[in-house]
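Participant: Numbering (the working numbering), first residue to last: -9 to 297.
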Amino acid sequence: MRPEFQWVRRRRPIWELNAVFLLMAINIGVFVCDVILKSQKIELSDYLALSVEGLQKGYIWQILTFQFMHGGIMHIFLNMLTLYFIGRMLEAGIGKKEFLRLYLISGAFGGLLQIGCSWIAPQHFGSAAVVGASAGVFGVVGAYAALYPYQRLTLLLFFVIPISMQAKTLIYLAGAMALYGMIFPGDHIAHAAHLGGMICGILYLRSHHLLAWRRPHNTGPRGNNNSKWFSTPVQSFKIYGGAAPVEKQTRPEQSRTVTVVDVAEEDDFMEKKVDPILDKITRQGIQSLTAEEREILEKAHKRMKRD
């Protein structure tokens, strides 16, 4: 009888999993399908890659689908590697829904900026279709640097030489490289998409005030001594500024300290109330439950749906 109550054990369907892993799974899945179809002489890029011709034909879906197409193993590997390391930390800071919106909107904006440049100056920017998650990934990196500007990151140059720098410094370098690539194109890289995605990620973070609705337990990545940024309401935030955000002063008795207590109470509820009922169902069957025990299971069910 226990399988009927698997929802109590907090098993979540695939669509409720971590947003970064969902995006990685979709990207890898599309890449594998593209490789298989190419072996059969079928080009998905004709319909899914973002291009001026495609938009002129009404292929509006390309604004979304191009973000899951890639031009080769190294292309998808670098994008997924960055998404994995930076994306998980950003998602922990702003939440799954906002992370997905930021990622997809940044990708769309970056792609459209690249296409716009190609449409205005095709001889300079080229007319090739745009593919890749780079614009969305740059949006994630930009938003992360805006949220944790002083967090130190260690990069492996050529996968060998470790280089440590603050997140804001990384954005300055990435922005400078994107601008240089736009001014002196020729490497078949969509630098305008990178720059557009990065700017969009930063602006999205600011325009949606994602720093103001932090939950107290979302204190950012380990090693970032900015936990106080998220324990009180943020009044103002200057991206890459020289000082910490200005915070509203709250009296100690007004501080929210219920998060840890809530988690402890939740675990205590599951262990002391729900588990014995499940054991009883296993031994005696569901018909043996009292009205009070059924109410407890229903309460647990509602909690799981709320989570």
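We put the CB at the ideal spot given by N, CA and C, even for glycine.
Could you check whether the region 152 to 167 touches the region 91 to 108, counting it as contact only if at least three pairs of C-beta atoms, one from each stretch, sit closer than 8 Å?
Facilitator: Counting Cβ pairs under 8 Å, fewer than three are found: no touch.
Participant: Taking Cβ to Cβ, would you say Gly62 is nearer than 8 Å to Gln52?
Facilitator: Here residue 62 refers to the residue found at position 72 of the sequence shown. Here residue 52 refers to the residue found at position 62 of the sequence shown. Not a contact, by the Cβ cut-off of 8 Å.
Participant: Counting only runs of 4+ residues fully inside the region 105 to 146, write out the alpha helix (DSSP H) ranges in chain order.
Facilitator: Listed in chain order, the complete alpha helix (DSSP H) runs (minimum 4 residues) inside the region 105 to 146 are 112 to 115, 124 to 137.
Participant: So His181 and Gly171 are supposed to be a Cβ contact under 8 Å. How far apart are they, rounded?
Facilitator: One-based indexing of the sequence shown puts residue 181 at position 191. One-based indexing of the sequence shown puts residue 171 at position 181. Between Gly171 and His181 the Cβ distance is about 3 Å, and since that is below 8 Å, they are a contact.
Participant: So, is Tyr134 buried or exposed, given that buried needs 16 or more other C-beta atoms within 10 angstroms?
Facilitator: The residue given as residue 134 occupies position 144 in the sequence shown. Looking at its Cβ environment, which holds 16 or more other Cβ atoms inside 10 Å, Tyr134 is buried.
Participant: Which residue's Cα is closest to the Cα of Leu40: Glu33, Phe56, Leu146, His114?
Facilitator: By 1-based counting over the sequence shown, the position of residue 40 is 50. The residue with the shortest Cα to Cα distance from Leu40 is Phe56.
Participant: Between which two residues does the alpha helix (DSSP H) holding Ile84 run?
Facilitator: Position 94 of the sequence shown, counting from 1, holds the residue named residue 84. Start and end: 78 to 84.
Participant: Just the Cα atoms here: how many angstroms apart are Ala119 and Val42?
Facilitator: Residue 119 sits at position 129 when you count from the first residue of the sequence shown. Residue 42 sits at position 52 when you count from the first residue of the sequence shown. Going by the C-alpha atoms only, they are around 8 Å apart.
Participant: Starting from Ser96, follow its DSSP beta bridges and name the residues at the other end.
Facilitator: Here the question's residue 96 lines up with position 106 in the sequence shown. Its beta-bridge partners do not exist; DSSP assigns none.
Participant: So is Met79 buried or exposed if we call it buried at 16+ other beta carbons inside 10 Å?
Facilitator: Here residue 79 refers to the residue found at position 89 of the sequence shown. Per the 10 Å Cβ criterion, buried.
Participant: What's the gap between the Cα of Lys47 and the Cα of Trp109?
Facilitator: Translated into the one-based positions of the sequence shown, residue 47 becomes position 57. Translated into the one-based positions of the sequence shown, residue 109 becomes position 119. Taking the straight line from one Cα to the other gives about 15 Å.
Participant: Could you say which of Phe89, Asp265, Gly116 lies nearest to Ile192 if we only look at CA atoms?
Facilitator: Here the question's residue 192 lines up with position 202 in the sequence shown. Nearest of Phe89, Asp265, Gly116 to Ile192, Cα basis: Phe89.
Participant: Please check the pair Ala123 and Phe67, which I expect to be a contact at CB under 8 Å, by giving their CB distance rounded to whole angstroms.
Facilitator: In the sequence shown, residue 123 corresponds to position 133, counting from 1. In the sequence shown, residue 67 corresponds to position 77, counting from 1. No, Ala123 and Phe67 are not in contact; Cβ-Cβ is about 11 Å, not under 8 Å.
Participant: Can you tell me whether Gln244 is buried or exposed, with buried defined as 16 or more other CB within 10 angstroms of its CB?
Facilitator: Taking the sequence shown and counting its residues from 1, one reaches residue 244 at position 254. Here Gln244 scores only 44 on pLDDT, less than 50, and its place in the model should not be relied on; the value that follows carries that caveat. Classification of Gln244: exposed, given that the 10 Å Cβ count is below 16.
Participant: Any idea which residues DSSP pairs Pro152 with across the strands?
Facilitator: Working through the sequence shown from its first residue, we reach residue 152 at position 162. DSSP lists Leu146 as partners of Pro152.
Participant: Alpha carbons only, please: which of Leu71, Phe75, Ile189 is nearest the one belonging to Ala164?
Facilitator: Here residue 164 corresponds to residue number 174 of the sequence shown, with the count starting at 1. Here the closest residue by C-alpha is Ile189.
Participant: Since Ser41 is in the alpha helix (DSSP H), which residue starts that stretch and which ends it?
Facilitator: Start at 1 with the first residue of the sequence shown, and residue 41 comes out as number 51. No alpha helix (DSSP H) holds Ser41; DSSP gives it neither H nor E.
Participant: For Leu34, name the three-state secondary structure that DSSP assigns.
Facilitator: Stepping through the sequence shown from its first residue, residue 34 is reached at position 44. It is coil, neither helix nor strand.
Participant: Reducing DSSP to helix, strand and coil, say where Asp177 ends up.
Facilitator: By one-based count along the sequence shown, residue 177 stands at place 187. Coil.
Participant: Spatial neighbours of Gln113 within its chain, please: C-beta separation below 8 Å, excluding the five flanking residues on both sides.
Facilitator: Against the sequence shown, residue 113 aligns to sequence position 123. Taken in chain order, the list of residues that qualify is empty.
Participant: Considering His60, what are the terminal residues of the alpha helix (DSSP H) in which it resides?
Facilitator: Walking along the sequence shown from the start, residue 60 turns up at place 70. His60 -> no alpha helix (DSSP H), and no H or E assigned at all.
Participant: Can you tell me whether DSSP reads Ile26 as helix, strand or coil?
Facilitator: Here residue 26 is taken as the residue at index 36 of the sequence shown, counted from 1. Reduced to three states, the DSSP call for Ile26 is helix.
Participant: My understanding is that His184 touches Val121, with C-beta atoms under 8 Å, so please give their C-beta distance in whole angstroms.
Facilitator: The residue labelled residue 184 in the question sits at position 194 within the sequence shown. The residue labelled residue 121 in the question sits at position 131 within the sequence shown. Contact flag wrong, Cβ pair sits at about 13 Å.
Participant: Going by DSSP in three states, Lys47 sits in which element: helix, strand or coil?
Facilitator: Residue mapping note: residue 47 aligns to position 57 of the sequence shown, counting from 1. Reduced to three states, the DSSP call for Lys47 is coil.
Participant: Quick one: what does DSSP say Asn8 is sitting in, helix, strand or coil?
Facilitator: Numbered from 1 along the sequence shown, position 18 holds the residue referred to as residue 8. In the structure shown, Asn8 sits in coil (DSSP, three-state: anything other than H, G, I, E or B).
Participant: On the CB-based measure, 16 or more other CB atoms within 10 Å of its CB, does Asp24 come out buried or exposed?
Facilitator: On the sequence shown, position 34 is the one that residue 24 refers to. Counting Cβ neighbours within 10 Å, Asp24 comes out buried, since at least 16 surround it.
Participant: What did DSSP end up calling Thr305 once you bin it into helix, strand or coil?
Facilitator: Shown here, the chain extends from -9 to 297; a query on residue 305 therefore has no answer.
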